[in-house]
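Let me begin by presenting the structure, written as structure tokens, before commenting on it.
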Amino acid sequence: MPTGSPNGAGWPIAIGISAALLAASLLLGWYWKRRVFLGAWAIFTAVFIMLFASFGSNPGGVGSGSWQSLGYWLAQQDVARGNQPWYYYFTLSAIYEFLPFAFGGAAAIYYGFKSGFRPWVLILLIAAGMAILANGDLSFERGIVQGTEQDISTIVGKLALLVVYGSAIAIPFVLRTSKINRFLIFWTIGTFIAYTQAGEKMPWLLVNVSLPAIILAAKTLNDVVMSINWSNAIRRRAAFALVGVPIFYLLLWKIVFHDLGTGGRQFASTWAILAGLGLLLLGLQVLFSRIGRSQALGIVGLVTAVLLFGLTFRAGWIASYQNGDVPREMLVYTQTSPDLHRLADEIEQTARLTGDRSKIKIAIDIRDAFSWPWQWYLRRYTQVAFADHQEDEVEVGDDRLIAVINANNNVKTVTKLPDGFSDGRRLVHRWWFPELYRELTPETFFETLIDRNRWKGSIDYFLYRKLSNPLGTIDSFVYYSDQIPLMPAK
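7 is the number of the first residue of the sequence shown in my numbering; add one for each residue after it.
Next comes the structure, spelled out in structure tokens:
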């Protein structure tokens, strides 16, 4: 029975719940704006069915996509795949989704300043709760959970966490803004809390975490665009902000993150940068006097959004096309290495040399789930022996021409290979991002904040994906029989 799929008496319950939720949504939409809702629902349903049914090749995917996908994910919470720290999505968001969270957060802060003291009381409660949670001796104790030693929340820790979550969830309800803005802020905070608390934390779930923030940021930017008197701004030469804002950020970046030398050179560079920043701030003040403070800050915010969009596009491009199969990206949890794809091509060439083609005899060691991706790459080959060579009775058969062995089994297996096999060639089977961020503690976090020398590693990764530690790997060895001819079989 597939994980997450209803079983036995669970079937009528699953069907009943799904039908009730569908009926409720249709009923609400009908009484809300039937034309708008039905059109949107029809588009959504068409896309959902096409994708989950694999364009008609897998009709059952509609049912599994409706229920089993959620059931599967819920079943993983106790397993806690990934075993990531609570701040995992804070880290991922800062690397890939900084644009929506920056402007979504700016919107919440802006409405907070307009809402009196109540939001700030909640902020103080959150800060107090986080301070208690940062005290590990007070909030946590070591214990055995499912056979693994882990941190267990104490009563104090649980109460502090409830204060943090409850105060964060309450913030949208005390903001003086429109209902849609309060809803979007609530959705963003609630989603972030839900996925932070969830047992399974995986990089692909960042889509779910960031979606509310993206909509909130889009709504915020739209409000800013609509609030600006563009004809007046252009007439008052506010377009200079298009040049001034990037230069301001560039100078600020240089004085904060760059080494300006020593002695007289450092003095001259520092004062030159400070003078440039001062002139730009003076220009902003002039812009205030010409078009008003809110209009000028709105234009500065829009230019900032364009710059952040450029960085976001760059991050996406690097992740997709520059580091596509190399796990320098935190978005990649674990990655099959390019070595296996090249080996699959070698196997295909070898099959042509021998004339066996799809019947070439291959041995694959499946220890550590090494059957994947070979079950896919070798799906057209009929004589593939999948076995765990950790077992003493398992050996590479005399008729095998190619053997791929897990590196952890190599020492034992190489002594039992049939005569005539070449020396093995080591290759990377899987590799993954070096997760040193797991070691972060409140002490190291604040020490890094105040020590500029420690910023370099984070900045190098953010901009260039430079890693200070090697990628984690698990390897295998490939062996070829000397029975393989050097020329194609006729």
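Ideal placement from N, C-alpha and C gives every residue a C-beta, glycine not left out.
Item	Value
Helix or strand or just coil, what does DSSP make of HIS264?	coil
Short check: CB of THR183 to CB of GLY110, under 8 Å?	no
On the three-state DSSP scale, how would you describe VAL400?	coil
Counting along the chain, where does the alpha helix (DSSP H) carrying ASN187 start and finish?	185-203
Let me check one thing: in DSSP terms, what residues is VAL410 bridge-paired to?	ILE370, VAL484
Can you tell me where the beta strand (DSSP E) holding ALA30 begins and where it ends?	It is not in any beta strand (DSSP E) - ALA30 instead sits in the alpha helix (DSSP H) that spans 16-58.
Residues in the same chain with beta-carbon distance under 8 Å from ALA393, minus the five sequence neighbours each way, listed in chain order, please.	ALA369, ILE370, ASP371, ILE372, VAL400
In the DSSP output, what is GLU147 paired with across the bridge?	ILE158
Take PHE439 as the anchor and find which of LEU98, LEU317, PHE179, PRO252 has the nearest alpha-carbon.	LEU98
Can you check whether the CB of ASN235 is closer than 8 Å to the CB of GLN301?	yes
Ignoring anything shorter than 4 residues or poking outside the region 221-291, list the alpha helix (DSSP H) runs there in chain order.	236-241, 247-263
Short of 6 Å in beta carbon distance, which residues of its chain neighbour PHE58, apart from the five on each side in sequence? Order them along the chain.	GLY67, VAL68, GLY71
Between ALA409 and VAL484, what straight-line distance do the alpha-carbon atoms span, to the nearest angstrom?	6 Å
With GLN389 and LYS365 assumed to form a contact (beta carbons below 8 Å), what rounded beta-carbon distance in angstroms separates them?	5 Å
Can you pull the DSSP bridge partners for GLN381?	Looking at the DSSP assignment, GLN381 forms no beta bridge with any residue, so it has no partner.
Following the continuous beta strand (DSSP E) through LEU433, name the residue where it begins and the one where it ends.	431-438
Give the secondary structure of GLN328 by DSSP, where H, G and I count as helix, E and B as strand, and everything else as coil.	helix
Roughly how many angstroms separate the alpha carbons of TYR93 and GLN203, rounded to a whole number?	10 Å
Return the chain-ordered list of same chain residues with a C-beta closer than 8 Å to the C-beta of LEU313, the five sequence neighbours on each side being excluded.	VAL251, PRO252, TYR255
By a C-beta neighbour count over all protein chains shown, 10 Å radius and 16 as the cutoff for buried, is SER24 buried or exposed?	exposed
Using the C-alpha atoms, what's the distance from SER295 back to LEU287?	13 Å
Might you give, ordered along the chain, the residues of its own chain that have their beta carbon closer than 6 Å to the beta carbon of THR226, omitting 5 neighbours on each side?	PHE109, ALA113
Could you have a look at VAL85 and say whether DSSP puts it in helix, strand or coil?	coil
Take ARG432 and list the residues in its own chain whose beta-carbon comes closer than 8 Å to its own, dropping the five residues that flank it on each side.	ALA413, ASP481, SER482, PHE483
Compare the beta carbon distance of ARG87 and MET208 with 8 Å and say whether it is the shorter of the two.	yes
Among the residues of its own chain, which have a CB less than 6 Å from the CB of GLY426, if the five just before and after it don't count?	SER487, ASP488
I need the DSSP call for VAL390, collapsed to helix, strand or coil.	strand
Buried or exposed: where does LEU222 fall if 16 or more other Cβ atoms within 10 Å of its Cβ makes it buried?	buried
Would you call the CB atoms of SER377 and ARG436 closer than 8 Å?	no
So, is ASN187 buried or exposed, given that buried needs 16 or more other C-beta atoms within 10 angstroms?	buried
Is it right to say SER233 is buried, meaning 16 or more other beta carbons lie within 10 angstroms of its own, or is it exposed?	exposed
Starting from THR97 and walking both ways along the alpha helix (DSSP H), at which residues does that stretch end?	94-102
For ILE465 and GLU335, I'd like the C-alpha separation in whole angstroms.	14 Å
Can the beta-carbon of GLY77 be found less than 8 Å from the beta-carbon of SER31?	no
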